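So the mapping is simple: the numbering used here equals the position in the sequence shown, first residue as 1, plus 728.
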Amino acid sequence: MPETAAPFNPSSLMPITPRPDLVFVRGEGAYLFDRQGRRYLDWVQGWAVNCLGHAPAAVAQALCQQARTLINPSPAFYNEPAMELATLLTRHSCFDQVFFASSGAEANEGAIKLARKWGQLHKQGAFEIITFVNGFHGRTLATMSASGKPGWDTMFAPQVPGFPKAVWNDLASVRALIHDKTVAVMLEPVQGEAGVMPADAAFFQGLRALCDAHGLLLIADEVQTGCGRTGTLFAHEQYGVEPDIMTLGKGLGGGAPLSALLAKADVACFAPGEQGGTFCGNPLMCAAGVAVMHSLLAEGFLATARQMGAQLAEGLRQLSREFGLGEVRARGLLLALELGHERAAQVVTLACERGLLLNAPRAHCLRFMPALNTRAQEVTQGLDLLRGVLDELR
Ligand SMILES: *Cc1c(COP(=O)(O)O)cnc(C)c1O
């Protein structure tokens, strides 16, 4: 550790999650380095945030240049990076207008508000948004209420009302909840926190038809699945479904806090004064988003990411066979491995000690979220490290 390193005194930080006694000081592509100079292959990547890996040159350069130019003129004025990013997003999606925010939860709050506003204008004040058991939409009060994580209904009671829960991949359970106060259905195309549970094609397409039949909005929370994570720019493209509203976060800023709420023209009904935020659409973060979008849209980028995802999925299936584990679920570079036991946390801890950073969204499964520009040799290295860990725990 360098002489100048700050002391290790985490007690002044709120203990919001169990953390290992490690302090990371540097990141480069697929790797993180701690204060002792140890290197870790990172398959968490800030929870699927660093789509271009750690400290990518394109994002670092965009941030540095924008920081010297204009950081925040306030959301009351136009700025160039926000307009450029909004243009890129609308040009490459089915949506017409964008509102920028700083976190996924904030974008989802905006989506909820937009749907309720639309309900006031077009559906006699209908406000209920059907969401899903085990869904995850963020940690504000409304997005916690929209989430279906066990225990979250009472954690900070009372909840925000208006989020009846349907059963994942069960169209009849959605249909049964629709009544005159229903305004929208909101889903993750792949439930991430639930352990990478993709929507069935018939289910997602059936939801679109159901929403059309009842005049409801379909909201896709692509905070985790968007920005190339599942192999296409947005996951809903793979289903041939066009949502009315979409939210983005995580990868959009390449590690910088940036999120977006996108809507079709006939749904984008906020009047001035109804939506905003001090940091919303600031040029510093939007410049990072522009750099990310240019990288994702570069010739061959997503095709290579899909190849890496296929290689990792195949490797995980091989490990599953070798160690008698369970199912591998994979969409692009968002993958999960069912362990067949409840010791995922133990696997994560040992993997960290062996230099591989993993995430366990549930006690029985591991989730893999490498950088989208990860290389074949890194995938192989990670699989070898994981094999060693599984072998030790056998
Ligand atoms: C991470 C996530 C969120 C919340 O994003 P934050 O930036 O943590 O607020 C919302 N929805 C989904 C699907 C997510 O994966």
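The beta-carbon is built from N, C-alpha and C at its ideal position, and this holds for glycine as well.
The structure displayed is predicted, hence computed values, not measured ones.
Check whether residue i and residue j have beta carbons under 9 Å apart
i	j	result
F998	F827	yes
V913	K851	no
A814	A1019	no
C1093	L1067	yes
V1075	A1064	no
I858	V902	yes
L1012	A795	yes
D972	H865	no
R1095	G920	yes
G682	A927	The structure shown has nothing for residue 682, since the chain only spans 729 to 1122.
V969	L946	yes
G1005	A829	yes
A870	E916	no
L1084	L769	yes
C779	R957	yes
R1103	L1047	no
A904	A894	yes
L816	N807	no
Q1035	L842	no
R1057	G923	yes
D824	A993	yes
D908	A941	no
L976	L1030	no
G863	S875	yes
L1118	E1050	yes
Cβ neighbour criterion (16 or more within 10 Å) applied to residue i
i	result
G681	An answer regarding residue 681 cannot be provided, because it is not within the stretch 729 to 1122 covered by the chain.
T953	buried
C955	buried
L849	exposed
E741	Checking the sequence, you will find Leu at residue 741 rather than Glu. Under this definition L741 is an exposed residue.
H820	exposed
I805	Reading off the sequence, residue 805 comes out as Phe, not Ile. It is exposed - the Cβ of F805 has fewer than 16 other Cβ atoms within 10 Å.
E856	buried
H964	buried
G1001	exposed
R844	buried
### Residue ranges of each beta strand (DSSP E) within the region 1000-1080, 3 or longer
Whole beta strand (DSSP E) segments, 3+ residues: 1056-1059, 1062-1066.
### Message
Check whether the region 751-764 and the region 988-1007 touch, using three or more Cβ-Cβ pairs below 8 Å as the test.
### Response
They do not touch, by the three-pair rule.
### Task
For the region 755-801, list the alpha helix (DSSP H) runs that are entirely contained and at least 4 residues long, ordered along the chain.
As far as the region 755-801 is concerned, its whole alpha helix (DSSP H) runs of at least 4 residues are 773-776, 785-797.
### Whole runs of the alpha helix (DSSP H) within the region 819-872, excluding any shorter than 4 residues
Counting whole runs of 4 or more residues, the region 819-872 contains the alpha helix (DSSP H) stretches 832-850.
### Message
Assess contact between the region 829-839 and the region 887-894, defined as three or more Cβ pairs (one per stretch) separated by less than 8 Å. Is contact present?
### Response
No: the two stretches stay apart, fewer than three of their Cβ pairs being nearer than 8 Å.
### Inter-stretch contact at 8 Å, needing at least 3 Cβ pairs: the region 934-943 / the region 872-881
Segment contact: the region 934-943 against the region 872-881, fewer than three CB-CB distances shorter than 8 Å; contact not assigned.
### Task
Please go through the region 880-965 and give each complete beta strand (DSSP E) segment of 3 or more residues, from N-terminal end onward.
Listed in chain order, they are 910-915, 945-949.
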